[in-house]
Amino acid sequence: MKKLQLSKSSIEGLNIKAENHRAETSKIEFMFLSLQEMFEKEKEGMERVVAQIWSIHSEVGLQDAAFKEPAAAESFFDYIKFLSLFDDNKEYRWREESREANQEPAITSSLVVISRILKGIPQNPHFYQLRNHSELARKSMICSWDKIFEETVEQIRSLQANGFWVRARELWKTMEELQTMGYNVIPLRRRLIELSNVMTELKLSKSDIKGLKIKAENHRAEKSRLEFVILSWQKMIKREQEGMERVLTQVIAKEKELPKFDEAFAKLALEPL
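For the sequence shown, the tail end lands on 283 under our numbering, and the numbers increase by one without skipping.
Laid out in C-alpha cells, this is it:
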C-alpha cells in the first residue's frame, strides 16, 4: 500500500510538474506572439520610412535636374542672406519693372538708345555713364557690355548646385552693374531667384532624408533587438516543451506500473495468514 501511495503521489507530482511546464510554455508562447507582433510593426515601420526616403530621393532627382551635376547645397542661412540681396518682394520688383519701362528723359536723351535683342531678351540700354567718352571708345565699351550681358546669361544657364551660392552672389553683382547701364536684367534676376528656391527645396529634402534615415536605423536596431529576444524565447519554448514531454513520459511509465500494485494487493490479501 505504501508503494502504491508513493507511486500515486509520484504521479501526482509529475502531473503537477507537467502542468507547470505546460503553463510556462503557454506563457512563453503568448509572449513570443507579442514579440512577433512588435517585430512585424518595427519591420513595417522601417519599410515605411525607407519608402519615404526613396520618394524624397525621387523628388531630389527632379530638383537636381535643374543643374548639370547634383551636389550638396550651402548653408540654409546663406540662402536667407542671398534672398536679402535679391530683395524678392513683389512690390519692389514691380517698382523695378516700372523704372526699367519708364527711364527718365534726361538720361535717355543724353545718348542715342540702341534697341537690340540679346539672348532673346529685348534691350534698350542708355549707357549714360559713357556720355563723356569718345564715340570710338563708347562703341568699344558698348560691345564689351553686350558681351558681359550675354556671358552672364550663359553663366546663369550653366549654374550647378555645387558652389551655387558663391557664383550667384557674383552674378547678382554683375547684374547690378548691367542695370546701371540700362540693361533689362529682370528675367535674369527672376531665373536666379527660381534657382535659389530649388536649391532651398533640395537642402530641405536632403535634411528630410537624413532624418528619415535616422528613423529607419532606429527601426532596424529595434528589429534586430526583437529578433534576438524572439530567438531567446524560442529556445526557452523548446526547453519547456522538452521538459514537459520528458515529465509526461515519466507519468505514462508510472501509470503503467499501477496495475502491478493492484495485483500485488489482491494476491497478498488472498494469502493465508
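Glycine included, C-beta positions come from ideal geometry on N, C-alpha and C. In this text the structure is predicted, and so the values were computed from the model without any measurement.
- Listed as beta-bridge partners of residue 148 by DSSP are no residues whatsoever.
- Spanning the alpha carbons of residue 146 and residue 138 requires a straight line of approximately 15 Å.
- The three-state reading of DSSP puts residue 170 in coil, since its state is none of H, G, I, E or B.
- Contact between the stretch 127-137 and the stretch 158-169 is established, with three or more Cβ pairs separated by less than 8 Å.
- A direct Cα-to-Cα measurement between residue 157 and residue 199 gives close to 18 Å.
- By DSSP's assignment, residue 128 forms a beta bridge with 131.
- Between residue 185 and residue 195 the beta-carbon gap is near 4 Å, inside 8 Å, which marks them as a contact.
- In this structure residue 264 is in contact with residue 24, their Cβ atoms being roughly 7 Å apart against a cut-off of 8 Å.
- Closest by C-alpha distance to residue 242, out of 41, 22, 33, is 41.
- In the three-state reduction of the DSSP assignment, residue 193 falls in the coil class, being assigned neither a helical nor a strand state.
- In this structure, the straight-line span from the alpha carbon of residue 225 to that of residue 258 is close to 48 Å.
- Taken atom to atom, the span from the alpha-carbon of residue 230 to that of residue 218 is near 18 Å.
- Look at residue 25 here: in three-state DSSP terms it is helix.
- Here the C-alpha atom of residue 188 lies approximately 41 Å from the C-alpha atom of residue 220.
- Per DSSP, reduced to three states, the secondary structure at residue 212 is helical.
- Beta-carbon to beta-carbon, residue 34 and residue 250 are separated by about 5 Å, close enough to satisfy the 8 Å threshold.
- Rounded to the nearest angstrom, the Cβ distance from residue 135 to residue 173 is 30 Å, too far for a contact under 8 Å.
- DSSP places residue 199 in the helix class (H, G or I) of the three-state scheme.
- Secondary structure of residue 136 (DSSP, three-state): coil.
- Considering only 141, 283, 268, the residue with the shortest C-alpha distance to residue 21 is 268.
- Relative to residue 159, the option among 144, 170, 182 whose CA is nearest is 182.
- Within a 10 Å sphere around the beta-carbon of residue 171 sit 16 or more other beta-carbons, which makes this residue buried.
- Here residue 202 is near residue 178, since their CB atoms are less than 8 Å apart.
- Between residue 26 and residue 262, the alpha-carbon positions lie close to 14 Å from each other.
- Here the C-alpha atom of residue 38 lies approximately 10 Å from the C-alpha atom of residue 32.
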